[in-house]
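Using numbering that gives the first Met the number 0, the first residue of the sequence shown is number 0, and each one after it goes up by one.
This report concerns only the one structure given below.
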Amino acid sequence: MFTLRRSTKEPEIDWPALLALLEDDDRRATIARLAPTPGRESYLTALRRMQSSVVAETLTAGRRLDTAGRLVDRPTIAVAGMLNSGKTSLVSSFLSPAGQARTLRGTSNREGTHRFVLWLPQSWREDVELWSLLVSRIGDSLGHPPEDLSDNPDDAASQYNNRSGDHSQLSVALLATDPALDELGVGLLDCPDIVSDEELGLGSPKERKELLGRAATLCSAFLIVTDAASSRDTTLADLMRIASDLMPGVPRMLAVNKVRPRQTPDQVHETFSPLSQKHGVASIYAAYDYDVPASRPFIPQREDEGSDRRLANPMDSSTGKVETSEAVQESEPLPVFFEVSPNPDENPPASIDKNRFLESLPLKLDRGVLFSQLHRALRINLEKVIWDRGLDAIRSNADASFAKTRECHEVLLDASLEFFAHRKIGGEVMELRLHQSERILRQLSESFAATAPWYARWGVRLNSTIRRFVGGAGDFMRSLTPSALSQKAADDIKGRFRSGEYGGLIAPEGLLAEIERHGGTVVLSHYRDHQTEASPGKHSIDDSGLSLEEPTEKVAVANSNQSGFVNDEELLLPPIQRAVTRFEQDDFTTLDPRRLDEAIRMMWSEIPMHKKLAHGLTPLATIFAAFGAALMIPVDFGHSFILAASIPELLAAAGLGALAAMWAGNQGAREVGQQAARQQLADFLAVLCDELGVARPDPPMKVRVANQQVTLPASRIARSETSGPTMPVYRVRDEFVSELNKLLPRSSGVKK
């Protein structure tokens, strides 16, 4: 019975070796943490971070599988059913009279089973080590150690019915032994009735089904008891699903109780076959209602004892006490379950073989087959927990960390482009803007001066100081504006930059506003999450390792708010200020000097000699005035302000429209500035990510410029650690997956 045919041997699972893999945070670690600092995490550590409940399920499932081998000769059959289905009566039919006296049955709530009761052979207690293992396994399954079922029938009835009203007792199993089970060699798990509502106050149907699923992992076979009228009951379908989903491969049987004589055994088989086939039920048993006289022809006679077998010492439904009178005993027959056949000629009233009685089931069960099926079910359950729940959750978390980080990159890039991109009216990016640093402006000034024709130099002192650009920023600016006239031109040009007519003036407040406009306050959620987890005034550690009791900038801001929390602007403005300042200090991007000289020399050659500008300034003086105006921006407006402007925009701001057009129209000249602009944009984005606790873009970001997709280069500015919250990035290591597949290979038919 319940033969098991497999073409290949089931793989043995070495739980200690598998557990060592799940705990490894070094060479075989599950997670590679890429940011904010490189590191590794074990499977269990990663799971505790996101779904701690799955950690407990994993360890429990592993211990169950590990102990199953030592309990190979001690199978248990789960007996589950709905209220008043006759489940406990069925269990009682396997017990001795003394054991029957400790059971509880009846049709009122007072006789309902509201605890798990595990009946085991009395001889199993003699092996202390294995008994301890059994008790431990029960505790693992239900979450609490079991307690003994009282030897006193009154107290046992109270325990069975959970008359204390303590709903938590539902997960504390009752443990009992009976000598009648010694010959059978199996245990019986009498499961709580699956009620349809919460009126009893002893655990909801949902909670009972959940506990039943956990308890099912104790058992080598599953027997579901129902009444004849419940073939379409959803609760019965749920019980079937619990048995098939949580313990795949374990034998499942259906016992239909209280069948009325108008329904013949073959009709019972026909009625319940669809549900049985759907959930892999191996056998259908039926017991006819002995209270109906017409049922007698369908209650088969057994050769070893009469059909009037009774339940010894039944309980009185009104008092809960044992009744021992012969009259009462005579009125309490036990249901007789037999396996029904689709062939009417093989069912009662015809005589049936004794092996078709349910009571012979334990003797027919092949221990080796039962263990194989239980072992396979436990292994598949462990696979599902580790692969489908645990590793899938870790993968999803890692994928989400990449997606979230990429979303941050998109927001920060879009916000940065509001300053670093020169757009058309429709929003299309025509060209990228340069951060007009002192280094860039020196290069431009030197190259324009060195390549300028004689007429362009008139009125400009091209001495060795100007040519070699020696001295501080002040000397450099004074050398660029040698006259009061050019100083006035520089002031006018500064006004154009400040008004936004040309270039993009980057200030922390403006950058923050653009980040907010692109949804940055939502995407950069780690700041808000960190503030919630570590509220001011409590001694806790942030991602930087600093105690929040220390006078950090963030805490100082937070303490200014009476509620203890700060708004998004106050959270994000300090790191944005640090990013702008750091970029100004660390931007060492330069233009290609050879290509720059070639481009400017070609441009000078195309300017007519008679071309003069208003106000009496020569082209070179006007150019120097524009460069001086750009260089004065941080001095005039504050060091947290920087200017981003393309070279054509600088020339146009100075009123040199013709030169601006020439530069923009020359592919070689335009590429000189764009190459440096791409590097600066990549550097600015990297610094912004550093200060906001976001990993730098990898792979590099792409920008559409002049209808072409341009890939930004890698940043040249050294990475720095943020002083605030960080957004971690994880990746599942292929090495771990390969090792896991060796120790716990996926079974055929299990989701991959």
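We put the beta carbon where it would ideally sit given N, CA and C, even for glycine.
Runs of the alpha helix (DSSP H) lying entirely within the stretch 240-288, each at least 4 residues long, are 264-277 in chain order. Going by DSSP, E40 is part of the beta strand (DSSP E) stretching over 38-40. Here K423 carries a coil assignment [DSSP, helix/strand/coil]. Burial check for S714: the Cβ neighbour count within 10 Å reaches 16 or more, so the residue is buried.
Residue pairing by DSSP places P120 opposite D177 in a beta bridge. No Cβ-Cβ contact shorter than 9 Å links V731 with L381.
In this structure, the beta-carbon distance from D181 to S122 falls below 9 Å. Between L129 and L187, the C-beta gap is not smaller than 9 Å, which leaves the two residues out of contact.
In summary, L655 is buried, with 16 or more beta-carbon neighbours lying within 10 Å of its beta-carbon over all protein chains present. Under the criterion of beta carbons closer than 8 Å, E670 and G502 do not qualify as touching, at roughly 20 Å.
By the Cβ test, the stretch 673-691 is in contact with the stretch 423-442, since at least three Cβ pairs between them sit closer than 8 Å. By the C-beta density criterion, K493 is buried, having at least 16 other C-beta atoms within 10 angstroms.
Each of L443, L360, A663 was checked against the Cα of L630, and the nearest Cα belongs to L443. Within the same chain, L570, P724 come within 6 Å of Y526 by CB-CB distance, once the 5 residues on both sides are set aside. Relative to the Cα of P250, the nearest Cα in the group G279, D25, V171 belongs to G279. Under the DSSP assignment, T75 falls outside any alpha helix (DSSP H), being part of the beta strand (DSSP E) whose first and last residues are 75-80. Secondary structure at G68: helix, using DSSP grouped into helix, strand and coil.
Residue R405 holds the alpha-carbon nearest to the alpha-carbon of P698 among P120, R405, S243. Fewer than three beta-carbon pairs drawn from the stretch 345-359 and the stretch 60-80 are found closer than 8 Å, and the two stretches are therefore not classed as touching. Cβ contact annotation for D413 (same chain, cutoff 6 Å, sequence separation greater than five): H517, in chain order. The three-state secondary structure of Q50, taken from DSSP, is coil. Across the structure, A625 and A420 are spaced so that their CA atoms are roughly 20 Å apart. Taking 3 residues as the minimum length, the beta strand (DSSP E) runs contained wholly in the stretch 689-746 are 701-704, 707-710, 728-731, in order along the chain. If you draw a straight line from the Cα of L21 to the Cα of V522, it is about 32 Å long. DSSP places V127 within a helical segment (H, G or I) once states are collapsed to three. Its chain contains T450 as the residues whose beta carbon lies nearer than 7 Å to that of R600, once the 5 sequence neighbours on both sides are disregarded; these appear in chain order. Residue pairing of G503 in beta bridges, as defined by DSSP: A643. The alpha-carbon of D244 is positioned some 41 Å away from that of P35.
The beta-carbon distance between V78 and V185, rounded to whole angstroms, is 11 Å. This is too long to meet the 8 Å contact definition.
With respect to L373, P744 sits apart: the two C-beta atoms are not nearer than 9 Å.
Here P696 really is in contact with H408; their C-beta atoms are around 5 Å apart, less than 8 Å. Non-local beta-carbon contacts of Y42 in its own chain, meaning distances under 6 Å to residues more than five positions away in sequence, involve L21, T29 in chain order. If you check the CB distance, L235 and R207 do not come in under 9 Å. By the neighbour-count criterion, in which 16 or more other beta carbons inside 10 Å mark a residue as buried, P343 falls on the exposed side. Around P452, the same chain offers W603 as residues with beta carbons nearer than 7 Å, after the five sequence neighbours per side are excluded. The continuous stretches of alpha helix (DSSP H) do not include E430, which lies in the beta strand (DSSP E) extending over residues 428-431.
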